[in-house]
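Shown next, in structure tokens, is the structure this report addresses.
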Amino acid sequence: MVLIIIILTLQKVAPHAKADSISKSKIQNPIPWVSWGDSDTIGKGKAGTKIQCLKAAADALKEGKSVFIDRCNLEREQRSDFVKLGCTVQADVHAVFLDLPAKVCISRSVSRTSHEGNVQGGMAAMVVNRMLKNKQAPLLTEGFSRITFCTDDDDIKKAVDMYSALGPSHSLASGVFGQKSKGPVQTGIMKFLKKADTSSVNKSSGTMVTSSERKTGQQNTTLKQENLEAGGACSMQVEKKLDNLKEKEEQSKERVSSDTSLCTLAFPSISTADFQFDLEKASEVIVDAATDFVQKHDNVRLVLVDLSQKSRILSLVKDKAAKKSFDSSRFFTFVGDITQLHSKGGLQCNVIANAANWRLKPGGGGVNAAIFNAAGEALQHATKECADTLRPGNSVAVPVPSTSPLHQQEGVTHVIHVLGPNMNPMRPDCLKNDYTKGCKVLREAYNSLFENFATIAQSYTGKQNDETSSRKSASGVISPNDSKTKREGSDDSERTKKCKLLPSILTSSQHHERRGTNTLSYHDNSMGSSDAPNQAREEDNKKNAAVTNKTWGSWAQSLYEVAMHPEKYKNADSILEISDEFVVLKDLYPKAKRHVLVISRTDGLDSLADVKKAHLPLLRSLHSAGLKWAHKFLEEDASLKFRLGYHSVPSMRQLHLHVISQDFNSPSLKNKKHWNSFTSAFFLDSVDVMDEVDQHGSATINPDEKLLAMELRCHRCRSAHPNIPKLKSHIAACKSPFPSHLLKKDKLLSASTMRAGCS
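Per mature numbering (1 follows the signal peptide of the UniProt record, and there is no 0): the sequence shown = residues -19 to -1, 1 to 740.
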């Protein structure tokens, strides 16, 4: 079934420019077509209503017939009920937009006689003017699967021929067709009518340039139009009515359609191609995850994309989604090439998802190969900076460099690589038809994909609200122009999710006002004024300039907010303990079975670079708290071993101690940076830090981030491994003793060492 919604300037005034021509084709068409929607004559030649039209169309569709909706439908609100009707009965909803020149519509309207609604002559010209101001071009996001633009009689004839030849087994490609320009919109005729009035009834011609802005927020353009035969001077009453429309016209220019503010993710079906995941089960996971996401997030939309018109996964998803209660314009299916959605399909998507392999490399055919080929080598380099491998159920967001063809031609700013479960025995990590685990992993994959997309969408919203401040904070999204943020790579999604603990995040300007600088002195009664830092502090700032001059993005402020205002979060599940000196918090993305943070509550202590000898009592308190929680965890699981320590250069503002078990068995540990930040010299043991501060007044830190890029080596036997999955497999079986330096000064905590300490 096909539901065609005709969109035209003035119903029954320009008969040659409307649906009459198309609807007549049903006589020769093998498909049973029914033409409804003409509310002037729906009741056997008598005036009808939109409700009658909807009922008649619904009845025809239920009988398996295809339907023309023959109405003006110039505004989205006018046609929305018909679009919903088509979606409800699972019909393909097409729009035929008769976007004829204003002069054609006007000349036909003023010369028309015997119109059923008495809309003719000067009154008809006024109605045309009003319609032109309120006209909203159809968008795919309204729920249309195909939009055809007709700008002249030839286009109309082609549309008639196309639908006349459409047979029961035929289908038409999805997308936007015949749109010759996205900028201009038909202008009003007020100035035309006034000019005709001053020239009496003489015929004249000329050129006029006016500007008009689409209500949908598209760009302003100028449009040349020839003057027209007005068919007589307008009355003073009509001219006054036209003048009264000025204010509405100005207001419409200020409106921006919500479609332009929606950040869009286009994604393929994960795991259903080469990984051979069951389509029925996959469609259930897709619909549940997608509908839940769009209901929780505003200003975003999701588009499931497949190349084939006969795609079974699209049909299954469409059928299941129709049973859900949600805004269908924010989650829908689309047939097309995911790398050419804008240029070939007219669908602008800021972000696309890639069904990646675990190595995050090109090749393998399908979507993965297509995206890497379309984006060029720039995407390969950007991906490598963010992650080396990917585990099933996870995703990583990668900014598409501005030099990439995918960015330049399609407007794609981010690619999110996602890896789902595998049911193909010829591929790695086959689950051997274990769909209990498979559905769980697939759901995790989509949730990870959508959460990464939410992070990016948050950035777009920030840029719209305040473009200047969003460039500084980036809302946790990797900026293509920020090399520092690129180095932080896939950590961004985790950092932003940590920020969700907070009801709000400060803007960059508020951070500056609150702190003044990034190197505030420690505030303590035993120290001098914070306005006059001592000489030793200044020398240390120079020594550790790379750390103390660090600029903290908004995503990095969440620990600071928790430390300064823990009372706001005392009921949060992640908060384990609150004292006057510290807060103990579960790491929201733990890198091991047990991983907690002991956060200092002292303002001005962003990292170890700010620590001085006066802070030694605080360091000891943090260490004692860490020991207490390690002991508690060891009572629950005596097989664990723990280290307590600090990162040389933390990613989150506010001094915090890591208490982390050494199994590193966690899906959140994904790349070299994660691994090396806890197993190299980048991680400073708490006991060593306290000794150095006690003896030298400060801790020796190593801000060299090359440590994070070192090869992957087991933290026990030091054997090398090519990737994280193989490293994790080795760690699970490795029985080698820990390095000797960890066995000194109780750096490595176990059930036996804790018992010895107590005795």
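Ideal placement from N, C-alpha and C gives every residue a C-beta, glycine not left out.
Reduced DSSP secondary structure (H/G/I, E/B, other) of residue i
i, result
"P380", "strand"
"D591", "helix"
"E558", "strand"
"N349", "helix"
"K726", "coil"
"H639", "strand"
"L621", "coil"
"A38", "helix"
"P373", "coil"
"E210", "Because E210 sits at a pLDDT of 34, beneath the cut-off of 50, its placement in the model cannot be relied upon, and the following sentence gives the value as read from the coordinates. Coil, per DSSP."
"G156", "strand"
"I319", "coil"
"I137", "helix"
"G626", "strand"
"T436", "helix"
"N646", "coil"
"K567", "strand"
"I294", "helix"
"A732", "helix"
"H596", "helix"
"F614", "helix"
"P720", "coil"
"R340", "coil"
Closest residue to residue i among the options (Cα-Cα distance)
i, options, result
"R57", "F623, A701 and Q117", "Q117"
"V332", "R52, P380, K139 and V64", "P380"
"M404", "H395, Y416, V393 and I397", "Y416"
"P409", "Q389, A337, S376 and V396", "A337"
"K139", "P703, V108, F78 and D269", "F78"
"R575", "D561, F563, S555 and S588", "S555"
"A553", "L566, N433 and F158", "L566"
"K622", "D142, F614 and H628", "F614"
"G124", "F158, E548, L540 and A72", "A72"
"R52", "G45, A38 and K46", "A38"
"K653", "F49, A351 and D369", "D369"
"K305", "D644, V64 and D269", "D269"
"L589", "G344, S679, P343 and I712", "S679"
"K433", "K726, G392, Q390 and N375", "For the sequence presented, residue 433 should be read as Asn rather than Lys. Closest option to N433, Cα to Cα, is N375."
Element boundaries [beta strand (DSSP E), containing residue i]
i, result
"D410", "Element bounds for D410: n/a, residue is neither H nor E."
"D73", "D73 to L79"
"S47", "S47 to D51"
"N335", "V332 to A336"
"C68", "No beta strand (DSSP E) holds C68; the alpha helix (DSSP H) holding it covers R57 to T69."
"V543", "Premise fails: V543 lies in the alpha helix (DSSP H), S539 to M545, not in any beta strand (DSSP E)."
"A247", "C244 to F248"
"H395", "H395 to L400"
"L665", "F664 to D666"
Cβ-Cβ separation, residue j to residue i (assumed contact under 8 Å), whole Å
i, j, result
"L636", "L586", "4 Å"
"D584", "M633", "Their Cβ separation, rounded to whole angstroms, is 15 Å, which puts D584 and M633 out of contact at 8 Å."
"V640", "A611", "6 Å"
"V348", "N335", "6 Å"
"R624", "K716", "Incorrect: roughly 19 Å between the Cβ atoms, too far for contact."
"G156", "D136", "16 Å between Cβ atoms; not a contact."
The alpha helix (DSSP H) enclosing residue i, as first and last residue numbers
i, result
"I682", "Careful: I682 lies outside any alpha helix (DSSP H) and carries neither H nor E."
"H690", "Per the sequence shown, the amino acid found at residue 690 is Ala instead of His. First-last for A690: undefined, no H or E at that position."
"C367", "E358 to C367"
"H576", "Counting along the chain, H576 falls outside any alpha helix (DSSP H), though it belongs to the beta strand (DSSP E) covering H576 to S581."
"A263", "L260 to K277"
"D584", "Taken as a continuous stretch (DSSP letters only), D584 belongs to no alpha helix (DSSP H), as it is neither H nor E."
"L387", "P386 to E391"
"F659", "K653 to T660"
"P708", "The question names Pro, but residue 708 in the sequence shown is Leu. I705 to A714 is the span of the alpha helix (DSSP H), which, as asked, contains L708."
Check: residue i C-beta below 8 Å from any heavy atom of the ligand ATP
i, result
"D135", "In the structure shown, the ligand ATP is absent, as is every other ligand, since no ligand is present at all."
Whether or not the region 354 to 369 and the region 379 to 391 are in contact is what I'm after, with contact meaning three or more pairs of Cβ atoms, one per stretch, closer than 8 Å; do they touch? yes
Do the region 593 to 610 and the region 659 to 670 meet, that is, are 3 or more Cβ pairs less than 8 Å apart? yes
Would you check if there are 3 or more beta carbon pairs closer than 8 Å linking the region 691 to 709 to the region 724 to 738? no
Evaluate the contact criterion for the region 310 to 320 versus the region 282 to 293: three or more CB pairs, one atom per stretch, below 8 Å. yes
Flag this pair as touching only if the region 423 to 439 and the region 242 to 258 have three or more C-beta atom pairs under 8 Å; answer yes or no. yes
Is the region 289 to 309 touching the region 260 to 267, taking contact as three or more C-beta pairs under 8 Å? yes
Under 8 Å, with one C-beta from each stretch per pair, do the region 680 to 695 and the region 648 to 662 reach the 3-pair mark? yes
Indicate whether the contact test is met: 3 or more Cβ pairs, each with one atom in the region 71 to 85 and one in the region 264 to 276, closer than 8 Å. no
Hey, is the region 366 to 379 in contact with the region 396 to 403, meaning 3+ C-beta pairs nearer than 8 Å? yes
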